[in-house]
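Presented below is the structure to which this report refers.
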Amino acid sequence: MAYDAEDTRRRIFDAAAAEFAEHGLAGARVDRIATAARANKQAIYLYYGSKEKLFAAVLRAKLEEVRDSVSIDPDAVAESVGQMFDWYRDHPELIRLLLWEALEACDEPGESERERRDAFREKVDQLVDAGAAGHLPEDARVRACQDLLFTVMGLISWNFAVPRMCRLVLDEETEQAAWARRRETVIEVARRLATAPDAPAARAPR
Numbered sequence: 001m002a003y004d005a006e007d008t009r010r011r012i013f014d015a016a017a018a019e020f021a022e023h024g025l026a027g028a029r030v031d032r033i034a035t036a037a038r039a040n041k042q043a044i045y046l047y048y049g050s051k052e053k054l055f056a057a058v059l060r061a062k063l064e065e066v067r068d069s070v071s072i073d074p075d076a077v078a079e080s081v082g083q084m085f086d087w088y089r090d091h092p093e094l095i096r097l098l099l100w101e102a103l104e105a106c107d108e109p110g111e112s113e114r115e116r117r118d119a120f121r122e123k124v125d126q127l128v129d130a131g132a133a134g135h136l137p138e139d140a141r142v143r144a145c146q147d148l149l150f151t152v153m154g155l156i157s158w159n160f161a162v163p164r165m166c167r168l169v170l171d172e173e174t175e176q177a178a179w180a181r182r183r184e185t186v187i188e189v190a191r192r193l194a195t196a197p198d199a200p201a202a203r204a205p206r
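The sequence shown begins at 1 in full-length UniProt numbering and counts up by one.
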């Protein structure tokens, strides 16, 4: 059977995503990734260069995946937030990767950070162009939409960052029951944030 380089890269990527989500960058082991991927360590270094670059590639791809799968529709914020909530519930590895990145202070290559900034700027521009925070002066609308976007992201992601705490605070028996309640609450809060002209996220800076 001929060697399939693309299939090997995919297996390495999938194994690395699981390894990094479980152990973080410092705790991840290239030999475990190689074993899970049914590949050799040399292939990992050949395709990705280093463990740090592999982590950055996995995180970047996961962020692109959620960006391509769901987005905030300014005309249907509640529905968009519900879709995002469901996506994060079904893909808990992204939250874990982001938490590991924050805990281990991973230094991203400059180009990767610029790509992420540009992606978020695009989402903010979509909100602005659709008329979000339209009651504000033009220079304040971008800041208001940035705050709205990050607030919505926090409302969604925190549920999956600390699922046990979510269950205990809500006094539910299972994480699924807690998430079901939180989904309804997050959608309603997002709807109010998007429509309330005097919401804190929409105030112009002094």
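Note that beta-carbon positions come from the ideal geometry of N, C-alpha and C, so glycine has one too.
*CB contact flag (I72, V152, <8 Å)*: Position 72 of the sequence shown, counting from 1, holds the residue named residue 72. Position 152 of the sequence shown, counting from 1, holds the residue named residue 152. Their beta carbons are under 8 Å apart, which means I72 touches V152 by this criterion.
_Quick check: what's the CA-CA separation for R182 versus K41?_
Taking the sequence shown and counting its residues from 1, one reaches residue 182 at position 182. Taking the sequence shown and counting its residues from 1, one reaches residue 41 at position 41. About 42 Å.
*Using 10 angstroms around the beta-carbon of L25, count the other beta-carbons present and answer buried if the total reaches 16, otherwise exposed.*
Numbered from 1 along the sequence shown, position 25 holds the residue referred to as residue 25. That one is buried.
*Using only alpha-carbon positions, find the residue among V124, E101 and I187 that is nearest to D86.*
Indexing the sequence shown from 1 puts residue 86 at position 86. Closest option to D86, Cα to Cα, is I187.
*For H135, does the three-state DSSP call read helix, strand or coil?*
Reading the sequence shown from its first residue, position 135 is the one you call residue 135. Note: H135 maps to coil in three-state DSSP.
*Take the Cβ of residue 213 as the centre, count every other Cβ of all protein chains shown within 10 Å, and call the residue buried at 16 or more, exposed below.*
The question about residue 213 has no answer, for the chain in this structure spans 1 to 206.
*When DSSP labels each residue in this structure, what does D4 get in the three-state scheme?*
Along the sequence shown, one-based indexing puts residue 4 at 4. Three-state result, D4: coil.
*Is G24 helix, strand or coil when you go by DSSP?*
Here residue 24 is taken as the residue at index 24 of the sequence shown, counted from 1. Looking at G24 - three-state DSSP - the assignment turns out to be helix.
*asked:* Taking the alpha-carbon of F120 as reference, which of P92, Q83, C145 and R191 has the nearest alpha-carbon?
replied: For the purposes of this step, residue 120 is taken as the residue at position 120 of the sequence shown. Considering only alpha carbons, the answer is C145.
*Would you mind giving the Cβ-Cβ distance between S80 and V70, rounded to the nearest angstrom? I have them listed as a contact below 8 Å.*
For the purposes of this step, residue 80 is identified with residue 80 of the sequence shown, where counting begins at 1. For the purposes of this step, residue 70 is identified with residue 70 of the sequence shown, where counting begins at 1. Correct: roughly 7 Å between the Cβ atoms.
*Environment of P137 [buried if 16+ CB atoms lie within 10 Å]*: Position 137 of the sequence shown, counted from the first residue, corresponds to residue 137. It counts as exposed.
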